[in-house]
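To keep things clear, I will list the structure first and then write my remarks on it.
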Amino acid sequence: MTLLLLIVLKYLNLLMEGILANFYSGPVGIPRSDKLSIYSGSSFSSSSLLRSFNYLSNFDESGSITTQSSIISIHLRATAADGEFGFLAEIATLPAVPLPRKGVDEVAIRASRILNNDRGAINYKNLGEIGPNVIIEQCAIDRNGYHLYGNISTSTAAVNMDVHNTLLFFFRANSIRYGRGGLFISARSSSSMSRLRAVIKNNAILMNSNSSILTFIGNGLQKADFLANLISLNYALYADTAKIIIFNFLINYILGFFKRCFGQFLSQYN
């Protein structure tokens, strides 16, 4: 898996603290080993590198990284390993931001390859006040989740987004293939000030199985624009191809098409 993550703030400095890192060190037959690199700004250049972690880093090693930039970028390369490998960190602002102002303005995942993960590719949750805008674009998301038997899999969706109190979710030019399910979006914002605007555009969702390919769950005044997407060759024997459980969830569907998908229903509205 190769992941490029950008975290953007306006007019604030960033503090990354409580870092715990543990990376796999086994032979993988490729020139680059598992590594986490943290950069100041949006450029992945050696001059902006703040700190890096690899398999030689101690799991108990913790510390903080401070940057005067309003953008922090994370480059992660990770290969097959069990759940004890990875990294954990907290992103904070300097100075601290009083509620209800957003601390982080944007979280973006771009030009990444997320492959062969048994619990799905992306699991995002915002549980607090007004959260950052989320952008996922130009990513290859393939073979995530595994079918066990019957209607049981190791994950319910390749991309699981719980965007509570998030103003914008932008999902563009991505491919989701050969996985268990596709894109799951949940937004239960209760105020018009924090309603979701989701844009799902120019994506290919192909050859997935065993779960709904598109699921929207929401209430309030959420809105989703579904533009020029290709959904084809998906097989969900026990689930709907597209499932929308809504209370005033507005869906705009333009120029996309479903082709040769098999499920209980092509689409279901509740």
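Numbered according to mature numbering (1 follows the signal peptide of the UniProt record, and there is no 0), the sequence shown spans residues -21 to -1, 1 to 249.
Glycine residues also receive a C-beta, built at the ideal position from the N, C-alpha and C atoms.
With DSSP collapsed to three states, give me the class of residue i.
i       : result
MET(-6) : strand
SER21   : coil
ASN33   : coil
SER170  : coil
SER4    : coil
SER27   : helix
PHE205  : strand
GLY99   : coil
ASP13   : coil
PHE64   : coil
LEU73   : strand
THR45   : strand
LEU55   : strand
Below 8 Å on the Cβ atoms is my contact criterion, and I expect residue i with residue j to pass it. Report the Cβ-Cβ distance as a whole number of Å.
i      : j      : result
THR145 : ALA119 : 24 Å between Cβ atoms; not a contact.
ILE192 : ALA221 : 6 Å
TYR18  : LEU35  : That belief does not hold up - the Cβ atoms of TYR18 and LEU35 are roughly 20 Å apart, past 8 Å.
LEU162 : ILE184 : 7 Å
PHE23  : PHE2   : Rounded, the Cβ-Cβ distance is 18 Å, inconsistent with contact.
SER188 : TYR214 : 4 Å
TYR217 : ASN130 : 4 Å
Among all the DSSP beta bridges, which residues are the ones paired with residue i?
i           : result
ARG156      : ASP121, LEU185
HIS126      : SER132
ASN105      : VAL142
ARG151      : GLU116, LYS180
residue 251 : The structure shown does not extend to residue 251, since the chain is modelled only from -21 to 249, so the question has no answer here.
TYR217      : According to DSSP, which records beta bridges pairwise, TYR217 is partnered with nothing at all.
ILE94       : A small fix is needed here, since residue 94 is Leu in this sequence, not Ile. In DSSP, LEU94 forms a bridge with ASP121.
Taking the CB atoms as reference points, tell me whether residue i and residue j lie closer together than 8 Å.
i       : j      : result
GLY99   : ASN139 : yes
ARG89   : GLY124 : no
MET(-6) : ILE50  : no
ASP141  : LYS202 : no
ASN112  : LEU147 : yes
LEU209  : MET186 : no
SER190  : ALA152 : no
THR133  : ASP97  : yes
LEU(-2) : THR45  : no
GLY20   : SER48  : yes
LEU55   : LEU94  : no
GLU116  : PHE66  : no
ALA57   : ASP13  : yes
SER169  : LEU175 : no
TYR157  : ASP121 : yes
ILE155  : THR194 : no
LEU200  : SER171 : yes
ILE114  : ALA87  : yes
Is there a C-beta anywhere in chain C that falls below 8 Å from the one on residue i?
i      : result
ALA183 : Among the protein chains of the structure shown there is no chain C, as only one such chain exists.
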